[in-house]
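For our numbering, count along the sequence shown from 1 and bump the result up by 13.
Every residue gets a Cβ at the ideal spot worked out from N, C-alpha and C, and that includes glycine.
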Amino acid sequence: MRLESELAAYLESSGAIAQEDLNRARTAAREVHSRLDQVLLELGLIAEAQLHDILRLQFRILDYVATGTPNGPVDMGLPRVFLAARSVIPITIDDQTIQLAMVDPFDDFAAQAVALKTGRSVARLRIRREVYQTLWASIFGEPEGASGRLPTAGYIDAPNTADLTTLRDSASDAPVVRFVQDALRTALAAGASDIHLKPSSRGAEMAFRIDGRLEQQSAPDPRMYSAVISRLKILANLDIAERRLPQDGKFTISIGGQATDVRISTMAHVHGEAAVLRILSRQLTRTSLSDLGFSQHIESALALLTKATEGLVLVTGPTGSGKSTTLHAVLHQLARPDLNVVTVEDPVEHKVDGIAQIQVDEKAGLTFPKILRSLLRQDPDIILVGEIRDAETASIAVQAALTGHLVLATLHTNSALAAVPRLIDMGVEPYLLASVLRGVLAQRLVRRRCASCEGATRHQSAWNGTAHFPQTARHECPSCGGSGYSSRVAVGELALLDEELVDALAHSVTLAPQLDLKLRTRGYRPMREDALARLQSGEIASDEFAAVA
14 MRLESELAAY LESSGAIAQE DLNRARTAAR EVHSRLDQVL LELGLIAEAQ LHDILRLQFR
74 ILDYVATGTP NGPVDMGLPR VFLAARSVIP ITIDDQTIQL AMVDPFDDFA AQAVALKTGR
134 SVARLRIRRE VYQTLWASIF GEPEGASGRL PTAGYIDAPN TADLTTLRDS ASDAPVVRFV
194 QDALRTALAA GASDIHLKPS SRGAEMAFRI DGRLEQQSAP DPRMYSAVIS RLKILANLDI
254 AERRLPQDGK FTISIGGQAT DVRISTMAHV HGEAAVLRIL SRQLTRTSLS DLGFSQHIES
314 ALALLTKATE GLVLVTGPTG SGKSTTLHAV LHQLARPDLN VVTVEDPVEH KVDGIAQIQV
374 DEKAGLTFPK ILRSLLRQDP DIILVGEIRD AETASIAVQA ALTGHLVLAT LHTNSALAAV
434 PRLIDMGVEP YLLASVLRGV LAQRLVRRRC ASCEGATRHQ SAWNGTAHFP QTARHECPSC
494 GGSGYSSRVA VGELALLDEE LVDALAHSVT LAPQLDLKLR TRGYRPMRED ALARLQSGEI
554 ASDEFAAVA
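Have a look at this one:
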């Protein structure tokens, strides 16, 4: 950090930028664990050309100028893997000085390591990435980074002190910081919900989950993959030394002036450490029930159901089916000054104004059951349970509904009717469940056909009894990028229940004909029928219908 501190001192004494801007950049650099020069450039407080002039005039860091094709780098016993990892190449040497071409001239670690190894002072030369790649190929006869590919299973061994120092320094390198920023910015602009980073035998891979589907993206350079993972861990205050056990964390980052919460989960794979980032845009907190795209009869019935003063209402479906988003949309409609609405979530993904939200913290002993037991003494009117995942949570949720509270919760089942036997399997007594369960919504998210590129040519013919509908040809549409899909829509089934129906479901998921008729007179229709109606109207395509049916 010597050069960084010298740069800060120069900027302060020369007045090259306003003192207020310099202080602001220093504060931001500390908060995001980044370097001052990177923050200055990202905030637009200094131009790149101006920074280059300062490096050249004040710190004598010149640009590398090729003088023919060298036979090889200066041979001082520097490992090729080190040169690739730090993006440096020694150029010339004399008794006192060694010239080091550096993609990142602020890399103090690389300069100090070379100085210690060679016993000479280091003169830094700034070299552009593309020039460095050409120089590397001409010297070694292979693409840059070929010597620094991701190791295999040995990568997940416990690192030593030198490894940690290298990882920590590499995580602050300009290319690494820029890659992380660009990946998050691109994912947010594309409407991605997750970013997947994983190592492989070929190097590294990155994919965005957009509208529920993984789409491959340009992967990070294999030689800086471990530094990217370390950068993400530092942002989330995770242990960069731990590469064998799973870790979970979160951080907030500002992209284009928009605060975005990111949840990260890391896991060791055979070829190294993988990370999945869940992007929790705060804009999602403004989603209303009508924005989700449910059929009108489901939306109306759900709105009426959640206006009750007591009872249990469940939203079910697999992971990623939008259960939490639906319940938070309901909360927006229920939030009133005369109601005490409290949520218990793990984690709190979407913040809702006017509602008390409690974060589960297993490590601190704040479990779902413990919070719920205390919460009942806080005089709540409405309680949202992020997920019923065990017998104790299920029991307390039912008890809360019995004592005059409206309880909203999510549950992992594939259909609405399967929720009853699932809770009974958890230990809830059938007679108690029959007296409190008011309704169950099961849902899925499917991709909606793009209206911009298909519009008037959208297929509108009637259902023909087969599982195939013709697809229109793909277009280079600015709204969907030629995929033919734009955003997602919720399909579902909503079962309004009473004691007789719950008692029958407690013994069998399949209802007798008269009870099935009763359920349908209350507005229930299977999810397949809801999806079929969307297919016939042209709102969704046949492959999305097949995924639900």
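- Message: Whole angstroms are fine: how far does the CA of V135 sit from the CA of T82?
- Response: Reliability fails at T82, whose pLDDT of 49 lies under 50, so the model's placement of it is uncertain and no value is given.
- Message: Less than 7 Å between C-beta atoms, sequence neighbours within five positions excluded: which residues of the same chain meet that for D511?
- Response: Sequence-distant Cβ neighbours of D511 in its own chain, meaning closer than 7 Å and more than five residues away, do not exist here.
- Query: Mapping DSSP to helix, strand and coil, what is V326?
  - Reply: Assigned with DSSP and collapsed to three states, V326 falls in strand.
- Task: Could you tell me which residues DSSP pairs with M219 in its beta bridges?
- Result: Beta-bridge pairing links M219 to L210, Q230.
- Drop a sphere of 10 angstroms on the beta-carbon of D57, count the other beta-carbons inside from all chains shown, and report buried for 16 or more, exposed for fewer. In the sequence under discussion, the amino acid at residue 57 is Gly, which differs from the Asp named in the question. Counting the other Cβ atoms within 10 Å of the Cβ of G57 gives fewer than 16, which makes it exposed.
- What is the residue span of the alpha helix (DSSP H) that D374 lies within? Segment: none, D374 is in no alpha helix (DSSP H) and carries neither H nor E.
- Mind pulling the alpha helix (DSSP H) runs of 4 or more residues that sit fully within the segment 376-416? 381-388, 404-415, all fully within the segment 376-416.
- Message: Using C-beta distances below 6 Å, list every residue in its chain close to E542, excluding the 5 sequence neighbours before and after it, in chain order.
- Response: Counting only Cβ-Cβ distances below 6 Å, and skipping sequence neighbours, we find nothing.
- Item | Cα-Cα separation between C466 and L148, rounded to whole angstroms | So the two alpha carbons sit approximately 46 Å from each other.
- Task: Indicate the three-state DSSP secondary structure (helix, strand or coil) for H282 in the structure shown.
- Result: When secondary structure is reduced to three states using DSSP, H282 falls in the strand class.
- Would you grab the beta carbon distance between V355 and Q391 for me? Rounded to a whole angstrom, and I think it's under 8 Å. For a cut-off of 8 Å, the C-beta gap from V355 to Q391 is around 7 Å, short enough to register as a contact.
- Task: Report the option in G154, I67, L129, T339 whose CA atom is closest to the CA atom of F119.
- Result: Cα-wise, what sits closest to F119 is I67.
- Message: So, for Y77: in the same chain, excluding its five sequence neighbours on each side, which residues have a beta-carbon less than 6 Å away from its beta-carbon?
- Response: Result list for Y77: A114, L138, I140, in chain order.
- Taking Cβ to Cβ, would you say Q346 is nearer than 9 Å to E358? For Q346 and E358, no; Cβs fall outside 9 Å.
- Please confirm if the segment 277-286 is in contact with the segment 252-269, defined as three or more CB-CB distances below 8 Å between the two stretches. With a cut-off of 8 Å, the segment 252-269 and the segment 277-286 count as touching, because enough Cβ pairs lie within range.
- Quick one: Cα of D274 to Cα of T338, how far? Distance between the alpha carbons of D274 and T338 is about 15 Å.
- Message: Tell me the rounded alpha-carbon separation between L96 and A240.
- Response: L96 and A240: Cα-Cα distance of roughly 15 Å.
- Query: Would you call H520 buried or exposed, if buried means 16 or more other Cβ atoms sit within 10 Å of its Cβ?
  - Reply: With fewer than 16 other CB atoms across the displayed protein chains lying within 10 angstroms of its CB, H520 is exposed.
- Task: To the nearest angstrom, report how far apart T523 and A432 are at their CA atoms.
- Result: Take the alpha-carbon of T523 and the one of A432: they are about 12 Å apart.
- Task: Rank L450, L302, A517 by C-alpha distance to the C-alpha of D335 and give the top, closest one.
- Result: Before going further, note that residue 335 is Gly rather than Asp in the sequence given. Per the Cα distances, L302.
- Task: Drop a sphere of 10 angstroms on the beta-carbon of K246, count the other beta-carbons inside from all chains shown, and report buried for 16 or more, exposed for fewer.
- Result: Note on K246: 16 or more other CB atoms within 10 angstroms of its CB, so buried under the neighbour-count rule.
- Query: Between V453 and A508, which are expected to be in contact by the criterion C-beta below 8 Å, what is the C-beta distance as a whole number of angstroms?
  - Reply: Contact between V453 and A508 is confirmed by a C-beta separation of about 5 Å, below the 8 Å threshold.
- Query: Cβ of V453 versus every heavy atom of the ligand MG: is any distance shorter than 8 Å?
  - Reply: With respect to the ligand MG, the structure shown offers nothing to examine, as it has no ligands at all.
- Pull up the distance between the alpha-carbon of E286 and that of A196, whole angstroms please. Approximately 18 Å, taken between the alpha carbons.
- Does the Cβ-Cβ distance between P188 and D121 come in under 9 Å? Not closer than 9 Å, so no.
- Whose CA, out of P539, G367, I401, T406, lies closest to the CA of R386? It is T406.
- Can you tell me whether DSSP reads Q260 as helix, strand or coil? It is a strand residue.
- What's the C-alpha gap between S206 and D224? A straight-line Cα-Cα distance of about 8 Å links S206 and D224.
- Message: On a Cα-Cα basis, can you pick out the residue from R501, C463, S500 that is closest to C490?
- Response: Across the set R501, C463, S500, the C-alpha of C463 shows the shortest separation from the C-alpha of C490.
- Message: Would A455 and V328 be called neighbours here (beta carbons separated by less than 9 Å)?
- Response: The Cβ atoms of A455 and V328 sit closer than 9 Å to each other.
- Message: I'd like the list of long-range same chain contacts for V420, defined as Cβ closer than 6 Å, with 5 residues on each side in sequence excluded.
- Response: Contacts found: L325, I396, A410, A413, A414.
- Find the nearest neighbour of R222 within the set M237, T319, L201, judged by alpha-carbon distance. Residue L201 is the option with its Cα nearest to R222.
- Is the CB-CB distance between L91 and V127 below 9 Å? Yes, Cβ-Cβ distance for L91 and V127 is below 9 Å.
- In or out: T40 buried (at least 16 other Cβ within 10 Å) or exposed? By the C-beta density criterion, T40 is exposed, having fewer than 16 other C-beta atoms within 10 angstroms.
- According to the Cβ coordinates, are P233 and L248 closer than 9 Å? Taking C-beta atoms as the reference points, P233 and L248 fail to come closer than 9 Å.
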